[in-house]
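Per the working numbering, the very first residue in the sequence shown carries number 2; after that it's consecutive. For every residue, glycine included, the Cβ atom is placed at its ideal position computed from N, Cα and C. Keep in mind the model is a prediction, meaning the values are calculated, not measured.
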Amino acid sequence: EAYYVQVAPHNPQGPLSTAAAAHLGMAIPNFLLLEYVRQDLYRDEVMAPAWVVKDGHLTVPDLPGLGVDPDEEALLARPARIHSRRSGPLHADGSISDV
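Here it is, written out as structure tokens:
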């Protein structure tokens with residue numbers, strides 16, 4: 002809220018991150034918008050209940066915690082894939098080198 006700066010979380014992550022960012026937005030008066038992945042092919046398989054987007058607005062479930070119930074078996078069946086988009090020198094552990 003400091004200096005009336007609006008907040009727009011950058012959220013290219015998955016459904017748990019979207020839930021956390023959406024609840025943050027509901028809790029602060031200076032929330033502008035939430036960036037999230039709309040075409041998440043597996044969101045409804047790994048999370049319940051399904052979140053609804055109506056007229057461009059995400060409906061946040063009125064449930065305890067983040068308002069979602071992750072299906073752990075479904076999550077384990079779809080492990081994260083790491084994609085490297087960086088070019089340039091890297092250390093042996095994959096961290097970025099400044100050489």
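Measuring straight from C-alpha to C-alpha, what distance separates residue i and residue j?
i      : j     : result
Ser98  : Val38 : 30 Å
Glu36  : Gly95 : 27 Å
Ile83  : Leu59 : 28 Å
Pro104 : Tyr4  : Within the shown structure, residues of the chain are numbered from 2 to 100, placing residue 104 beyond reach of any answer.
If the criterion is Cβ atoms closer than 8 Å, does the pair residue i and residue j meet it?
i     : j     : result
Val69 : Leu34 : no
Pro10 : Ala20 : no
Pro30 : Glu73 : no
Taking 7 Å as the cut-off, does the CB of residue i come closer than this to any heavy atom belonging to the ligand MG?
i     : result
Ser98 : For the ligand MG, the structure offers nothing, since it holds no ligand at all.
Return the first residue and the last residue of the alpha helix (DSSP H) that residue i is part of.
i     : result
Leu76 : Glu73 to Ala78
His24 : Pro16 to Ala28
On a CA-only basis, which of the options is nearest residue i? Give me that one, please.
i     : options                       : result
His24 : Ala81, Ala49, Leu64 and Arg82 : Leu64
Val47 : Lys55, Pro71 and His58        : Pro71
Phe32 : Ala49, Pro13, Gln7 and Gln14  : Gln7
Please list the terminal residues of the continuous beta strand (DSSP E) segment that includes residue i.
i     : result
Val53 : Val53 to Lys55
His58 : His58 to Thr60
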